[in-house]
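Asker: I am attaching a structure below and will ask some questions about it afterwards.
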Amino acid sequence: MQAIVRACTAEGWPARVAAVIANRAEAEGLAFAQQHGIATAVVPSRGKTREAFDAELAAEIDRHRPDLVVLAGFMRILTPEFTERYAGRLVNIHPSLLPAFTGLQTHARALEAGCKIVGATVHFVTADLDHGPFVLQAAVPVRAGDTPQTLAARILPLEHIIYPRAVRWFVEDRLIVADGRVTVKPAADGTPEPQWLFGEDA
504 MQAIVRACTA
514 EGWPARVAAV
524 IANRAEAEGL
534 AFAQQHGIAT
544 AVVPSRGKTR
554 EAFDAELAAE
564 IDRHRPDLVV
574 LAGFMRILTP
584 EFTERYAGRL
594 VNIHPSLLPA
604 FTGLQTHARA
614 LEAGCKIVGA
624 TVHFVTADLD
634 HGPFVLQAAV
644 PVRAGDTPQT
654 LAARILPLEH
664 IIYPRAVRWF
674 VEDRLIVADG
684 RVTVKPAADG
694 TPEPQWLFGE
704 DA
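Residue numbering for the sequence shown follows the working numbering, beginning at 504 and increasing consecutively.
Structural data, given as structure tokens:
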């Protein structure tokens, strides 16, 4: 979230971050947003059904009338009703090269499977967990002695590049989704945009 806020400001996007919403009052992102003059809200999830929480969350989101809803460190599984409400304008980042290793403990599972490269994927969110159309992916090589923690640390800087980039493409109306696949319109000078990023010596 912080990387997206900073990129939006520094790069002069034709957009602004309307609000940051969390389900926990102690979420660090709320203080960061407030320091940057961004509206914040807390919608508690404890003790509520998924349906009830998602309805309250949607009501709070809609108060800010966003064109795009960005999930950042939001680990709850959303109901089909919620994902359908924001279909085509709800994005997430997942710490694997989807469609491999959906769900949790992605880096540990990649190591157990003997993967040679690992990474992250920005994707549109659908009711099918971690399977929405992929916007952008980044990868790093697996090194001898890697652990889930070392992989996460090497992938995170790439996440901070690809997530803001994907969001910017959306707000610039450069994403085309057809038949479950995403393509990106070329830059203003005609330069094609790669939808992948390799880190280190991958």
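Glycine residues also receive a C-beta, built at the ideal position from the N, C-alpha and C atoms.
Can you tell me whether glutamate 662 is buried or exposed? The criterion is at least 16 other CB atoms within 10 Å of its CB, across all chains shown.
Answerer: So glutamate 662 ends up on the buried side.
Asker: For histidine 567, which of helix, strand or coil comes out of DSSP?
Answerer: DSSP places histidine 567 in coil when its eight states are reduced to three.
Asker: Any idea what DSSP makes of proline 689, helix, strand or coil?
Answerer: It is coil, neither helix nor strand.
Asker: Pull up the distance between the alpha-carbon of proline 598 and that of threonine 605, whole angstroms please.
Answerer: Rounded to whole angstroms, proline 598 to threonine 605 spans 9 angstroms at the Cα level.
Asker: Rounded to whole angstroms, what's the CA-CA distance from alanine 647 to leucine 601? Just pull it up for me.
Answerer: Going by the C-alpha atoms only, they are around 23 angstroms apart.
Asker: Between which two residues does the alpha helix (DSSP H) holding valine 520 run?
Answerer: Segment: none, valine 520 is in no alpha helix (DSSP H) and carries neither H nor E.
Asker: When burial is assigned at 16 or more other CB atoms within 10 Å of the CB, is aspartate 682 buried or exposed?
Answerer: Exposed, since its Cβ has fewer than 16 Cβ neighbours within 10 Å.
Asker: With burial defined as no fewer than 16 other Cβ atoms inside 10 Å of the residue's Cβ, what is the status of glycine 622: buried or exposed?
Answerer: With 16 or more other Cβ atoms within 10 Å, it is buried.
Asker: Considering only the alpha carbon of each residue, which of Ala613, Ile679, Arg657, Asp633 lies closest to isoleucine 580?
Answerer: The shortest C-alpha separation from isoleucine 580 is found at Asp633.
Asker: I'd like the list of long-range same chain contacts for isoleucine 679, defined as Cβ closer than 8 angstroms, with 5 residues on each side in sequence excluded.
Answerer: Counting only Cβ-Cβ distances below 8 angstroms, and skipping sequence neighbours, we find Val685, Thr686, Val687, Lys688.
Asker: Taking the alpha-carbon positions, what's the cysteine 511 to glutamate 675 distance?
Answerer: Each residue's Cα considered, the two are about 12 angstroms apart.
Asker: Evaluate proline 667 with the Cβ neighbour count: other Cβ atoms within 10 Å of its Cβ, from every protein chain shown; 16 or more gives buried, anything less gives exposed.
Answerer: Proline 667 is buried by the Cβ-count criterion.
Asker: Unbroken alpha helix (DSSP H) runs of length 4 or more, entirely within the stretch 590-622: which are they?
Answerer: List check, alpha helix (DSSP H) in window: 609-616.
Asker: Determine the closest residue to alanine 518 out of Ile564, Arg509, Ile658, with distance taken between C-alpha atoms.
Answerer: Of the listed residues, the one whose Cα sits closest to alanine 518 is Arg509.
Asker: At what residues does the alpha helix (DSSP H) containing phenylalanine 673 begin and finish?
Answerer: Looking at the DSSP string, the run of the alpha helix (DSSP H) that includes phenylalanine 673 is 651-674.
Asker: Which of the three DSSP states is assigned to proline 583 in this structure?
Answerer: It is helical.
Asker: Determine the closest residue to phenylalanine 637 out of Lys619, Leu533, Thr624, with distance taken between C-alpha atoms.
Answerer: The shortest Cα separation from phenylalanine 637 among Lys619, Leu533, Thr624 belongs to Thr624.
Asker: With a Cβ-Cβ cutoff of 8 angstroms, do glutamate 584 and aspartate 565 count as a contact?
Answerer: For glutamate 584 and aspartate 565, no; Cβs fall outside 8 angstroms.
Asker: Which term fits alanine 525, buried or exposed, when burial requires 16 or more other beta carbons within 10 angstroms of its beta carbon?
Answerer: By the neighbour-count rule (16 or more Cβ atoms within 10 Å), alanine 525 is buried.
Asker: Going along the chain, which residues of its own chain have a beta-carbon closer than 6 angstroms to the beta-carbon of alanine 630, five neighbours each way excluded?
Answerer: Cβ within range, chain order: Pro583, Thr586.
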